[in-house]
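Keeping their order, the protein sequence lines are chains A and B.
So the mapping is simple: our numbering equals the position in the first sequence, first residue as 1, plus 151.
So the mapping is simple: our numbering equals the position in the second sequence, first residue as 1, plus 151.
Cβ coordinates follow ideal geometry from the N, Cα and C atoms, glycine included.
Protein chains: 2
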Amino acid sequence: MTVLSLEAVPIPGIPEIEPAADLAGMVLDAAQRHSIRISAADVLVFAQKVVSKAEGRLRALEDVEPGDRALALASELDKDPRLVQVILDESSDVVRAERGVLITRTRQGHVCANAGVDGSNVPGELVSLLPEDSDESARRLRAEVGRRLGEAPAVVVSDSFGRPWRLGQTEVAIGCAGLSPLDDRRGLHDALGQELKATLPAIADQAASAAGLVRSKDGREGIVIVRGLQRFITGADGPGAAALVRAREDDLFK
Amino acid sequence: MTVLSLEAVPIPGIPEIEPAADLAGMVLDAAQRHSIRISAADVLVFAQKVVSKAEGRLRALEDVEPGDRALALASELDKDPRLVQVILDESSDVVRAERGVLITRTRQGHVCANAGVDGSNVPGELVSLLPEDSDESARRLRAEVGRRLGEAPAVVVSDSFGRPWRLGQTEVAIGCAGLSPLDDRRGLHDALGQELKATLPAIADQAASAAGLVRSKDGREGIVIVRGLQRFITGADGPGAAALVRAREDDLFK
């Protein structure tokens, strides 16, 4: 009997990321230096911050001119109006603005606090934005690693999202390539032969969470290799994390 | 340099669980048979279904007499009124009842579909309920395993919850003992020396998700050992998954 087991290992020694950094090269170098083998059976989970920095997805607050809506929201929420303007620029709509919390839907469809705009681990008055299209980032990273390695691991771009009824954040996949984002068990049968209804584990989100558990607190370990998910790995890039976004018309909590 | 890595291994060969089953004994037997070592540095993640069955938390739908509210909701949602009555019996309030979806707050405070009442992997017209107090279940399992093993691993009781804006389910901790449910990083500093604000990773939920990735589809592998979380393991049982429940007064999505 084969026991499937999962392993998540951070790739240490990734240098500070600058815009236009060669992330694929950095990962392969660091992995080689630490004798960490990467194969097509693995999932590379990149922290959003690492991808955003490499893609130059940063904005300087001193260059932002807040508009009327940003000024009003900022005063209501006691936030920096320039930050609120950046958040609005990244959002298609505001889901909640209450008690200091600004939850929006990003242009990619992800619902999260502050549209993922974040000032930690970026210097000074810079804030980092989510990648423009995190699925495209994942596909590009997968192709770049694959070209140099000779085989392409799956790639997840991960960010930490809060939850409406639970405290704390969990890592979720905002981008993915080469990994089934969802494991569609519907139509399958349980151990008693009854059909499994509506069971649809969010594989890519759980892979992001597993990776999140091994990151150091200071954000230096932004890339984690997850092994043991072979049965969810696909040759094609697949639908990406877009498949994890609930359609707006099905949202019961608008 | 020590690289922290995470490992999740399902414990195979757990027999079908009957009410009053000796879960702690079953885990230790199965682990020994498969040469899986369990120590105080490990987290044992039990699927809710396994714990519920062992605790006899099952109800037979044929014995349920639906009341007026259950009849009305059932007709609105196109559900079995007896099942709706069971869900209401397990809930403190209804959060959403729309488009065939019934989301409630359980008496323990967890917000989820159908109050966690579930008919899969239980025979016939039986449905399984969440444990009466999953934190107490976790503490009891931890103590029982600890007594026989001579050292007590941390214990998580896990269930799969949907998310309002994302498709698919992820495993979360509905009970926990001996593991910090949240890793409070607030007041710490990022790699650039700036204070990390509001970063509070939900360790127990992410441990449940990591374990979820190695379960087989048919529900036979209900217990998973997670290694590599030593820095979150505590001698005392701690606050449990109750600490993961956002207070009702802070809920922006009632």
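- Between the alpha carbons of G207 (chain B) and D214 (chain B) lies a distance of about 16 Å.
- Looking only at A:C327, A:V375 and A:L364, the smallest Cα-Cα distance to A353 (chain A) is reached by A:C327.
- Cβ-Cβ separation between E241 (chain B) and A266 (chain B): approximately 4 Å, consistent with a contact (criterion under 8 Å).
- At a cut-off of 4 residues, the continuous stretches assigned as alpha helix (DSSP H) that sit fully inside the region 243 to 308 of chain B are 285 to 300.
- Taking C-alpha positions only, D286 (chain A) is separated from R290 (chain B) by approximately 41 Å.
- When secondary structure is reduced to three states using DSSP, P161 (chain A) falls in the strand class.
- For K230 (chain B), the closest alpha carbon among the candidates B:V252, B:A205, B:R210 and B:G218 is that of B:V252.
- By the CB criterion at 7 Å, E372 (chain B) and R366 (chain B) fall inside the cutoff.
- Taking 7 Å as the cut-off between beta carbons, the residues of the region 255 to 277 of chain A near chain B are V262, S271, N272 and P274, in sequence order.
- The three-state reading of DSSP puts E216 (chain B) in coil, since its state is none of H, G, I, E or B.
- Beta-bridge analysis with DSSP links I187 (chain B) to no other residue.
- Contact note: D402 (chain A) reaches chain B through P315 and W316, using a C-beta cutoff of 8 Å and chain order.
- The region 185 to 196 of chain B and the region 154 to 169 of chain B touch, with three or more beta-carbon pairs separated by less than 8 Å.
- Under the three-state reduction of DSSP, I168 (chain A) is assigned to coil, being neither helix nor strand.
- For S331 (chain B), not one C-beta of chain A is nearer than 7 Å to its own C-beta.
- DSSP places G363 (chain B) inside the alpha helix (DSSP H), whose first and last residues are I354 to G363.
- A straight-line Cα-Cα distance of about 18 Å links D173 (chain B) and D284 (chain B).
- The secondary-structure analysis by DSSP pairs L195 (chain A) across a beta bridge with A:V306 and A:I376.
- Below the 8 Å Cβ cutoff, chain B contributes T350 and P352 as neighbours of S311 (chain A), in chain order.
- For I325 (chain B), the enclosing beta strand (DSSP E) has its first and last residue at T321 to A328.
- Here D402 (chain A) is exposed, its C-beta having fewer than 16 other C-beta atoms within 10 Å.
- Close to P166 (chain A), with beta-carbon spacing below 7 Å, lies no residue of chain B; the smallest spacing is near 11 Å.
- Put simply, the CB of L155 (chain B) is near chain A, with a gap under 7 Å to one of its CB atoms.
- Around the Cβ of L277 (chain B), a 10 Å sphere holds fewer than 16 other Cβ atoms; the residue is exposed.
- Secondary structure note for L234 (chain A): its alpha helix (DSSP H) is the uninterrupted segment P232 to D240.
- Taking a contact to require three or more Cβ pairs closer than 8 Å, the region 305 to 313 of chain A and the region 292 to 308 of chain B do not qualify as touching.
- Not a single C-beta of chain B is nearer than 7 Å to the C-beta of G176 (chain A).
- Think of a sphere of 8 Å around the beta carbon of Q320 (chain A): the chain B residues whose beta carbon falls inside it are T350, L351, P352 and A353, in chain order.
- Residue-level contact check: E213 (chain A) does not touch chain B, since none of the beta carbons of chain B fall below 7 Å from its beta carbon.
- Residue environment for R250 (chain A): exposed (fewer than 16 other C-beta atoms within 10 angstroms of its C-beta).
- One alpha carbon belongs to R293 (chain A), the other to P304 (chain A), and they sit about 6 Å apart.
- Collapsing the DSSP output to three states places G176 (chain A) in a helix.
- Classified as exposed, R220 (chain A) has fewer than 16 neighbouring CB atoms from the shown chains inside 10 Å of its CB.
- DSSP places L209 (chain A) in the strand class (E or B) of the three-state scheme.
- Sixteen is the threshold: when 16 or more other Cβ atoms of the shown chains lie within 10 Å of the Cβ of E322 (chain A), as they do, the residue is buried.
- Under the 10 Å beta carbon count, A387 (chain B) is surrounded by fewer than 16 other beta carbons and is classified as exposed.
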